[in-house]
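Protein chains in written order, with the numbering used here: chain B, 653 to 814; chain Z, 653 to 814; chain H, 653 to 814.
A virtual CB, placed ideally from N, CA and C, is assigned to each residue, including glycine.
The structure displayed is predicted, hence computed values, not measured ones.
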Amino acid sequence: MNIPANKKKVSIVCFSGDFDKIIAAFTIATGAAATNREVTMFFTFWGLNALKKNKGRAATGNSIMAKAFNFLMGGLNNLPLSRLNFFGISPKLMGGMMKKHNVASLPELVEAAHALGIRIVACEMAMHILEVSKSDMIEEVQDVAGVATFLNESEDAHIIFI
Amino acid sequence: MNIPANKKKVSIVCFSGDFDKIIAAFTIATGAAATNREVTMFFTFWGLNALKKNKGRAATGNSIMAKAFNFLMGGLNNLPLSRLNFFGISPKLMGGMMKKHNVASLPELVEAAHALGIRIVACEMAMHILEVSKSDMIEEVQDVAGVATFLNESEDAHIIFI
Amino acid sequence: MNIPANKKKVSIVCFSGDFDKIIAAFTIATGAAATNREVTMFFTFWGLNALKKNKGRAATGNSIMAKAFNFLMGGLNNLPLSRLNFFGISPKLMGGMMKKHNVASLPELVEAAHALGIRIVACEMAMHILEVSKSDMIEEVQDVAGVATFLNESEDAHIIFI
């Protein structure tokens, strides 16, 4: 089944920047890649926060507004839990519970995704609105693309919106 | 590729009524329609708020309960941000940031969707529960349908739940 | 169209444990099954709460952390609304509005799903992290599986992430 032309495809739109949903996105992505699918992850809106080089809070952007949003949203280490967040304490507790049970952490999942050849794409429009440039993002980001390009490349793929 | 029978289909379930998610739904929908897909948007639950004629808060419905829910949920101009909402200030700031970067606004996206021939369908059950009638909704709503009808029409489509 | 080999498939990832989203998941699932699709529901993360035997709050798990999370998350009768939750009052009001309009309640939907032959699968990793064992869950749960197994079984299915 290794012939690229027949390879099953999975495309994941990572819209949410919640810690738990990003974990879910990378778990599905790496699971799919490990079972020989061609996987693309398209990060948009809040999801962009998972790709920022500054993993903590940083006032990225030019305008005051973009700076404020970027600061408030934070980065990979500040992602909130979609429920029971308790001002950011819960993602840390959840991380601890995952570690205790030998489940891969978020940075490990990002690394695994890259190693498995998952294509990581950042949404052009979201970068534009939030004034995040390619140099503000981790080097695992392979491409910047618009939604039309993403949809065209996902023509034969399962599209999963997270 | 313009032969209708072979036209790729995309069906979007607009469940969420969050400002950012509705923007995402319309962006994907118009992007798909612009690249020659047949697109259906099925609005249910909170998503219905984006279709109400009263774009502000209005006590639509007959029972006190339905009126209260409809009032609290608001309409197209009151959609909250899924995160960092700050009592409704953020969607306005985000709208400003979008305008500044020449990104289409939500009303513009609704108009574009209509112009591109995207089929806008309202969920019968959600209308029933929330006591929203067809006359309470914008005229761009072409159809009212149940989930089974929607699924049947989406048999060969990508289904995206937002 | 009743030949199993050609039967259309729908796979739903129930990630969210919100009352309204679980209702949506079961509504789509039963609608799909009723129109002759083969449906699998894969419950992970917060979604697991809908499958717990203890439908109220209970400190399931061994470690203090797992107990705390399970208690705070609650069960089928404590699922919050994704918006306007008001400390759990709204899901009850919404349930009342559904009953008034003869819409199936959540326990009825779970029962219908089972009767329609929908396969209910619990996510192994989420059970592991939250220390929920198979005996903690309702008997309608037919299987425990990892994400790779789920993806393999969903190869020809619509995948819907809720």
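When you compare the CB of residue i with every CB in chain Z, is at least one pair closer than 8 Å?
i	result
M653 (chain H)	Note on M653 (chain H): pLDDT 39, under 50, position unreliable in the model; the coordinate value appears next. Not an interface residue.
V755 (chain H)	yes
R771 (chain H)	no
G699 (chain H)	no
L761 (chain H)	no
T687 (chain H)	yes
A684 (chain H)	yes
I674 (chain B)	no
F671 (chain B)	no
T696 (chain H)	no
M750 (chain H)	yes
F723 (chain B)	no
M777 (chain B)	yes
Using a Cβ-based criterion (distance less than 7 Å to any ligand heavy atom), does residue i qualify as near the ligand FAD?
i	result
S715 (chain Z)	Here there are no bound small molecules, and the ligand FAD is not part of this structure.
In the DSSP output, what is residue i paired with across the bridge?
i	result
G795 (chain Z)	For the sequence presented, residue 795 (chain Z) should be read as Asp rather than Gly. Z:V773, per the DSSP bridge assignment.
S663 (chain H)	H:T692 and H:I811
K704 (chain H)	H:M789
What do you get for residue i, buried or exposed, if any count of 16 or more other CB atoms within 10 angstroms of its CB means buried?
i	result
K751 (chain H)	exposed
I674 (chain H)	buried
F738 (chain B)	exposed
A711 (chain H)	exposed
S785 (chain B)	exposed
E783 (chain H)	buried
S734 (chain B)	buried
P759 (chain Z)	exposed
M653 (chain Z)	Legend: pLDDT at M653 (chain Z) = 39, less than 50; position of this residue unreliable, value from coordinates given subsequently. So M653 (chain Z) ends up on the exposed side.
I655 (chain B)	Summary for I655 (chain B): the model assigns pLDDT 45, below 50, so the residue's position carries little reliability; its value from the coordinates is reported in the next sentence. Classification of I655 (chain B): exposed, given that the 10 Å Cβ count is below 16.
G713 (chain Z)	buried
K704 (chain H)	buried
I812 (chain B)	buried
A778 (chain H)	buried
S684 (chain B)	Reading off the sequence shown, one finds Ala at residue 684 (chain B), where the question assumed Ser. Buried, by the Cβ-count rule.
I716 (chain Z)	exposed
I680 (chain Z)	buried
G708 (chain H)	exposed
G726 (chain Z)	buried
I741 (chain B)	exposed
Does chain H have any CB closer than 8 Å to the CB of residue i?
i	result
F802 (chain B)	no
K660 (chain B)	yes
I741 (chain Z)	no
L731 (chain B)	no
M746 (chain Z)	no
H780 (chain Z)	yes
V796 (chain Z)	no
Measure from the C-beta of residue i to each C-beta in chain B and report whether the shortest distance is under 8 Å.
i	result
M717 (chain H)	yes
N809 (chain Z)	The amino acid occupying residue 809 (chain Z) in the given sequence is Ala; Asn does not appear at that position. With 8 Å as the cut-off, A809 (chain Z) does not count as an interface residue toward chain B.
F813 (chain Z)	yes
R709 (chain Z)	no
L728 (chain Z)	no
L736 (chain Z)	yes
T679 (chain Z)	yes
V799 (chain H)	yes
So what's residue i in DSSP terms, helix, strand or just coil?
i	result
N654 (chain Z)	Its pLDDT being 43, under 50, N654 (chain Z) is placed unreliably in this model, and the coordinates cannot settle the point.
L745 (chain H)	helix
L736 (chain Z)	coil
N729 (chain H)	helix
E805 (chain B)	helix
A711 (chain Z)	coil
G683 (chain Z)	helix
A676 (chain H)	helix
L724 (chain B)	helix
V784 (chain H)	coil
L758 (chain Z)	helix
G699 (chain Z)	helix
H766 (chain B)	helix
G669 (chain Z)	coil
Would you say residue i reaches chain C, if we count a Cβ-Cβ gap shorter than 8 Å as a contact?
i	result
M693 (chain Z)	Annotation note: the requested chain C is absent from the structure, which comprises protein chains B, Z and H.
(message) Does the stretch 774-785 of chain B come into contact with the stretch 681-700 of chain B, if we say contact requires no fewer than three beta-carbon pairs (one atom in each stretch) closer than 8 Å?
(response) yes
(message) Any contact between the stretch 796-809 of chain B and the stretch 757-770 of chain Z? By contact I mean 3 or more CB pairs, one from each, below 8 Å.
(response) no
(message) Tell me whether the stretch 673-687 of chain H and the stretch 685-696 of chain B touch, counting them as touching only if at least three CB pairs, one residue from each stretch, are closer than 8 Å.
(response) no
(request) Evaluate contact between the stretch 660-670 of chain Z and the stretch 798-809 of chain Z, counting only Cβ atoms and requiring at least three cross-stretch pairs below 8 Å. (result) Counting C-beta pairs with one atom in each stretch, the stretch 660-670 of chain Z and the stretch 798-809 of chain Z have three or more that are closer than 8 Å, which means they touch.
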